[in-house]
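Novice:
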Amino acid sequence: NAGVTQTPKFQVLKTGQSMTLQCAQDMNHNSMYWYRQDPGMGLRLIYYSASEGTTDKGEVPNGYNVSRLNKREFSLRLESAAPSQTSVYFCASSDYVTSTDTQYFGPGTRLTVL
Amino acid sequence: QQQVKQSPQSLIVQKGGISIINCAYENTAFDYFPWYQQFPGKGPALLIAIRPDVSEKKEGRFTISFNKSAKQFSLHIMDSQPGDSATYFCAAIHNTDKLIFGTGTRLQVFP
Numbered sequence: 013n014a015g016v017t018q019t020p021k022f023q024v025l026k027t028g029q030s031m032t033l034q035c036a037q038d039m040n041h042n043s044m045y046w047y048r049q050d051p052g053m054g055l056r057l058i059y060y061s062a063s064e065g066t067t068d069k070g071e072v073p074n075g076y077n078v079s080r081l082n083k084r085e086f087s088l089r090l091e092s093a094a095p096s097q098t099s100v101y102f103c104a105s106s107d108y109v110t111s112t113d114t115q116y117f118g119p120g121t122r123l124t125v126l
Numbered sequence: 331q332q333q334v335k336q337s338p339q340s341l342i343v344q345k346g347g348i349s350i351i352n353c354a355y356e357n358t359a360f361d362y363f364p365w366y367q368q369f370p371g372k373g374p375a376l377l378i379a380i381r382p383d384v385s386e387k388k389e390g391r392f393t394i395s396f397n398k399s400a401k402q403f404s405l406h407i408m409d410s411q412p413g414d415s416a417t418y419f420c421a422a423i424h425n426t427d428k429l430i431f432g433t434g435t436r437l438q439v440f441p
């Protein structure tokens, strides 16, 4: 049971380049999330998918797009990377989007945009 | 849009001491308050959580104290150990809304 996996672990981009962060979970969870973590800002929700086939914006969606490819996979795309998107990105999953459902996090992707 | 305020930003404690991290919230509709622990290079993981209908929850050396009238809750780590050195995030959520995280506290426990 790998839990939540993310690829790549590290990435350096130049301003304007695009890339896709991949996330997969093997816990048969319905809900998946993308967060970014910045020093002094905590974790902020970018997008989430309450169930397969649905996606919704979180707190900081600008500059990002997502795709819920199937129940297991949820990808995050940066179409034109900007230095402000330098951050650590975490994918998470939970049974459902309800209060008490624990969110399980992946190991993160450290992204630097030059 | 910081609805959960966490302090201190960093904390240094000697081994065996008590670590205390505080959080305050604004939205009285929040009905679940988890704490997450994050080790360097890893993703956060659920440590302990509490509902607002109880004033305290204890799991081993970790205790959450909850003050509903003051809209505050805190994490106490008793007999702190070097292995507890990590970043701790408080969070709050209402029903099917999204988790709102605090800004994190970096705890260092020295032998």
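Chains A and B are the protein sequences, given in the same order.
For the first sequence, position 114 (counting from the first letter as 1) is numbered 126 according to the numbering used here, and the numbering increases by one without interruption.
For the second sequence, position 34 (counting from the first letter as 1) is numbered 364 according to the numbering used here, and the numbering increases by one without interruption.
Beta carbons are placed, not taken as given, at the ideal position from N, Cα and C, and that holds for glycine.
When you compare each of R391(B), Q402(B), L429(B) and G373(B) to M408(B) by their alpha carbons, which one comes out closest?
Specialist: Taking the second sequence and counting its residues from 1, one reaches residue 408(B) at position 78. Nearest option by C-alpha distance: R391(B).
Novice: Which residues of the region 98-121 of chain A have a Cβ closer than 9 Å to any Cβ of chain B? Give them in chain order.
Specialist: Answer set for the region 98-121 of chain A: F102, C103, A104, Y108, V109, T110, S111, T112, T114, Q115, Y116, F117, G118, P119 and G120.
Novice: Counting only the same chain and skipping the five closest in sequence on each side, list residues whose C-beta sits under 6 Å from that of K83(A).
Specialist: Sequence index remark: in the first sequence, residue 83(A) carries index 71 (1-based). Here the set comprises E64.
Novice: Between Y418(B) and chain A, is any beta-carbon pair separated by less than 8 Å?
Specialist: Within the second sequence, the letter at position 88 stands for residue 418(B). No, no contact with chain A.
Novice: Just confirm the distance between the C-beta atoms of T67(A) and V78(A), as a whole number of angstroms; I'd bet it's less than 8 Å.
Specialist: Residue numbering aside, residue 67(A) sits at position 55 when the first sequence is read from its first letter. Residue numbering aside, residue 78(A) sits at position 66 when the first sequence is read from its first letter. 5 Å between Cβ atoms; contact.
Novice: For A400(B), which option in Q339(B), I423(B), N352(B) and K428(B) has the closest C-alpha, if you only look at C-alpha atoms?
Specialist: For the purposes of this step, residue 400(B) is identified with residue 70 of the second sequence, where counting begins at 1. Of the candidates Q339(B), I423(B), N352(B) and K428(B), the one whose C-alpha sits nearest the C-alpha of A400(B) is N352(B).
Novice: Relative to chain A, which residues along the region 366-382 of chain B have a C-beta separation below 9 Å, given in chain order?
Specialist: So the list reads Y366, Q368, G371, K372, G373, P374, A375, L376, A379 and R381, given in the order they occur along the chain.
Novice: Name the DSSP beta bridge partners of T17(A), please?
Specialist: Counting from one through the first sequence, the residue named residue 17(A) turns up at place 5. Per DSSP, A36(A).
Novice: As an exercise, report each continuous beta strand (DSSP E) stretch of at least 3 residues that is fully enclosed by the region 399-433 of chain B, in chain order.
Specialist: For the region 399-433 of chain B, whole beta strand (DSSP E) runs of length 3 or above, ordered along the chain, are 402-407 and 416-422.
Novice: Once the 5 residues before and after K69(A) are set aside, which same chain residues still bring their CB inside 7 Å of it?
Specialist: To locate residue 69(A), count along the first sequence from 1; it is residue 57. Correct list, in chain order: Y59.
Novice: Across which residues does DSSP place L90(A) in a beta bridge pair?
Specialist: For the purposes of this step, residue 90(A) is taken as the residue at position 78 of the first sequence. For L90(A), which the question treats as bridged, DSSP gives the partners M31(A) and Y76(A).
Novice: Against chain A, which members of the region 425-438 of chain B pass a CB distance test of less than 9 Å?
Specialist: Cβ contacts with chain A come from N425, T426, D427, K428, L429, I430, F431, G432, T433 and G434.
Novice: Name the chain A residues whose beta carbon is nearer than 8 Å to that of Y355(B)?
Specialist: Against the second sequence, residue 355(B) aligns to sequence position 25. Result: empty, since nearest Cβ-Cβ is about 13 Å, beyond 8 Å.
Novice: With H, G and I counted as helix, E and B as strand and the rest as coil, what does DSSP make of Q97(A)?
Specialist: Locating residue 97(A) in the first sequence gives position 85, counting from the first residue. Here Q97(A) sits in helix by DSSP.
Novice: Can you give the beta carbon distance from S87(A) to G28(A), rounded, assuming they're within the 8 Å contact cut?
Specialist: As a working mapping, residue 87(A) is identified with position 75 in the first sequence. As a working mapping, residue 28(A) is identified with position 16 in the first sequence. Not really, about 20 Å apart at Cβ, beyond 8 Å.
Novice: Pull up the CB-CB distance for V125(A) and P95(A), whole angstroms please, since I reckon it's below 8 Å.
Specialist: Numbered from 1 along the first sequence, position 113 holds the residue referred to as residue 125(A). Numbered from 1 along the first sequence, position 83 holds the residue referred to as residue 95(A). Confirmed, about 5 Å.
Novice: Give the interface partners of L57(A) over in chain B, defined as CB-CB distance under 7 Å, in chain order.
Specialist: Here residue 57(A) refers to the residue found at position 45 of the first sequence. Those are K428, listed as they occur along chain B.
Novice: Can you tell me where the beta strand (DSSP E) holding R56(A) begins and where it ends?
Specialist: Taking the first sequence and counting its residues from 1, one reaches residue 56(A) at position 44. Segment G54 to S61, the beta strand (DSSP E) holding R56(A).
Novice: Are the beta-carbon atoms belonging to L33(A) and Y116(A) less than 8 Å from one another?
Specialist: Taking the first residue of the first sequence as position 1, residue 33(A) is located at position 21. Taking the first residue of the first sequence as position 1, residue 116(A) is located at position 104. Not in contact: L33(A) and Y116(A) (Cβ atoms no closer than 8 Å).
Novice: Whose C-alpha, out of V439(B), S349(B), P382(B) and A416(B), is nearest the C-alpha of L376(B)?
Specialist: Against the second sequence, residue 376(B) aligns to sequence position 46. Out of V439(B), S349(B), P382(B) and A416(B), A416(B) has the C-alpha closest to the C-alpha of L376(B).
Novice: Please tell me whether, using a cut-off of 7 Å, the distance from the CB of Q402(B) to the nearest non-hydrogen atom of the ligand SAH is below it.
Specialist: The model on display carries no ligand, and the ligand SAH is accordingly not part of it.
Novice: Per DSSP, what kind of secondary structure is L341(B) in: helix, strand or coil?
Specialist: Working through the second sequence from its first residue, we reach residue 341(B) at position 11. In this structure, L341(B) counts as strand in the three-state DSSP scheme.
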